[in-house]
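Residue numbers (the working numbering), protein chains in the order written: chain A, 1 to 205; chain B, 1001 to 1222. Glycine included, each C-beta is placed from N, C-alpha and C at the ideal position. In what follows, a structure is listed as structure tokens, so that the remarks can point back to it.
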């Protein structure tokens, strides 16, 4: 039995099912991070003078800028990978997916170093409200990066390895894999969007 | 704006086939143009923040609100570029627009609620007072004595918000000597403690177990 509308658009929505599903999920993610941004606003405005100045936040804008460049670059390679699989150019698709996953690993590596740097100075989420919301938001964002990278790696494997369950989908209907990649790409762009807003709030104050 | 965008796209349409050796790669030109704009936006954001904070070039000293305003404004522009081009929202069905507008309305309403909650602040402190050793944490107006009985049991922050709510009215009638109109800092607050102050509790007495060990039980009566 086949799931309908994985490739063709439903007449009532005008979209294939996966795309509507992922947009609904992204709307819920916007609510999730919206709640945390509201917490940031509340904590920062309520703290008044006790909010740390930039020097006391132990954040280096150079690391934040590198992370921003890495994520935006990975967003671009993600959409280029989708273009390539739509055109059935699997060689280029593999290259761009590899670069996207590599950027995810690089991002998490830099984040891990930043966290280590803070723990080294005995700075934990319990240290102050600033660090509580900093670790919460960047940690949750990091979890999203890791989850997105795992899904991207699965779709990368789906086009290449027979042992991957998604390979059957690719052989039977490559357009369905292209749609899966598009949905994963939408999630990846949302992760990038969230970082675009996190960066000025925590690194530039 | 249109001219900048057009020239960026034309630049990448010419450069990409030369870089990759394939004529088809020119169709990726819009994505490269967006990437260029995002990089420029990031550079401007960081440049303004560093120039203001570390060098103070705008007014000779650091302007706090400038970095955040410029940063968030540029972040909004970057976000719209990602939404429009990378996420293909520039030609999407109206159902998706309606879903996203609904989410955006609720998020901005949430921001508004948080800012609204912070408007009701105590008149004489910078934020919510949650320090239970501070006598002003327990300070209540004389007429609200009924609430004083609950002061010890109620949760600190809820009480702080309560005291804050009454504090604005208390300033007018409970402080004959203090100037209620001009807010005073924590260093300037009066040394004497209001009558509703709960004194610091002494160390709790030794427990029954240690008392039993230290003093032998009384001898039973014959």
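Whether residue i touches residue j by CB criterion (8 Å)
i: residue 133/A; j: residue 1114/B; result: no
i: residue 181/A; j: residue 155/A; result: yes
i: residue 38/A; j: residue 192/A; result: no
i: residue 138/A; j: residue 198/A; result: yes
i: residue 131/A; j: residue 121/A; result: no
i: residue 66/A; j: residue 110/A; result: yes
i: residue 1077/B; j: residue 1021/B; result: no
i: residue 178/A; j: residue 82/A; result: yes
i: residue 1093/B; j: residue 64/A; result: no
Pick from the options that is closest to residue i, judged by C-alpha positions
i: residue 12/A; options: 1095/B, 1014/B, 1065/B and 1106/B; result: 1095/B
i: residue 119/A; options: 197/A, 58/A, 52/A and 6/A; result: 58/A
i: residue 1035/B; options: 31/A, 69/A and 10/A; result: 69/A
i: residue 184/A; options: 117/A, 106/A and 80/A; result: 80/A
i: residue 62/A; options: 1013/B, 1055/B, 1046/B and 1069/B; result: 1046/B
i: residue 148/A; options: 108/A, 205/A and 60/A; result: 108/A
i: residue 85/A; options: 146/A, 176/A and 189/A; result: 176/A
i: residue 1119/B; options: 10/A, 2/A and 48/A; result: 48/A
i: residue 1024/B; options: 105/A, 189/A, 106/A and 92/A; result: 92/A
i: residue 1088/B; options: 50/A, 202/A, 189/A and 201/A; result: 189/A
i: residue 1107/B; options: 33/A, 136/A, 10/A and 50/A; result: 33/A
i: residue 105/A; options: 5/A, 126/A, 153/A and 36/A; result: 153/A
i: residue 161/A; options: 22/A, 146/A, 54/A and 90/A; result: 90/A
i: residue 21/A; options: 77/A, 5/A and 56/A; result: 5/A
i: residue 36/A; options: 56/A, 135/A and 102/A; result: 135/A
Whole-angstrom distance between residue j and residue i, CA atom to CA atom
i: residue 1062/B; j: residue 1053/B; result: 5 Å
i: residue 1030/B; j: residue 112/A; result: 33 Å
i: residue 1082/B; j: residue 100/A; result: 16 Å
i: residue 187/A; j: residue 1039/B; result: 21 Å
i: residue 45/A; j: residue 1079/B; result: 24 Å
i: residue 73/A; j: residue 97/A; result: 12 Å
i: residue 164/A; j: residue 28/A; result: 29 Å
i: residue 88/A; j: residue 171/A; result: 12 Å
i: residue 1051/B; j: residue 1075/B; result: 18 Å
i: residue 1009/B; j: residue 1003/B; result: 10 Å
i: residue 128/A; j: residue 204/A; result: 18 Å
i: residue 1070/B; j: residue 158/A; result: 43 Å
i: residue 1116/B; j: residue 168/A; result: 54 Å
i: residue 1064/B; j: residue 1110/B; result: 24 Å
i: residue 1112/B; j: residue 43/A; result: 14 Å
i: residue 1057/B; j: residue 1037/B; result: 25 Å
i: residue 78/A; j: residue 126/A; result: 37 Å
i: residue 166/A; j: residue 1091/B; result: 29 Å
i: residue 1157/B; j: residue 103/A; result: Caution is warranted here: a pLDDT of 42 is assigned to residue 1157/B, below 50, making its placement in the model unreliable, and no coordinate value can be reported.
i: residue 202/A; j: residue 146/A; result: 21 Å
i: residue 19/A; j: residue 10/A; result: 11 Å
i: residue 114/A; j: residue 1084/B; result: 32 Å
i: residue 2/A; j: residue 26/A; result: 26 Å
i: residue 1055/B; j: residue 71/A; result: 28 Å
i: residue 1019/B; j: residue 1011/B; result: 12 Å
i: residue 1014/B; j: residue 1103/B; result: 40 Å
i: residue 174/A; j: residue 1026/B; result: 24 Å
i: residue 54/A; j: residue 60/A; result: 9 Å
i: residue 1007/B; j: residue 1105/B; result: 35 Å
i: residue 1086/B; j: residue 56/A; result: 36 Å
i: residue 1001/B; j: residue 1097/B; result: 24 Å
Beta-carbon separation (whole angstroms), residue i vs residue j, contact threshold 8 Å
i: residue 1067/B; j: residue 1049/B; result: 4 Å
i: residue 7/A; j: residue 16/A; result: 6 Å
i: residue 1099/B; j: residue 24/A; result: 6 Å
i: residue 1016/B; j: residue 1028/B; result: 6 Å
i: residue 195/A; j: residue 117/A; result: That pair is no contact at about 19 Å.
i: residue 200/A; j: residue 1072/B; result: 6 Å
Just list the alpha helix (DSSP H) runs in the region 1093-1117 of chain B, keeping only unbroken ones of 4 residues or longer that don't cross its boundaries, in chain order. Fully enclosed alpha helix (DSSP H) runs of no fewer than 4 residues are not present anywhere in the region 1093-1117 of chain B.
Could I get the ranges of all uninterrupted alpha helix (DSSP H) runs contained in the region 42-111 of chain A, with 4 residues as the minimum, in chain order? Runs found: 61-86.
Output the residue ranges of the alpha helix (DSSP H) runs that lie fully inside the region 117-174 of chain A and measure 4 residues or longer, sorted by chain position. Entirely contained in the region 117-174 of chain A, the alpha helix (DSSP H) runs reaching 4 residues are, in chain order, 129-158 and 166-172.
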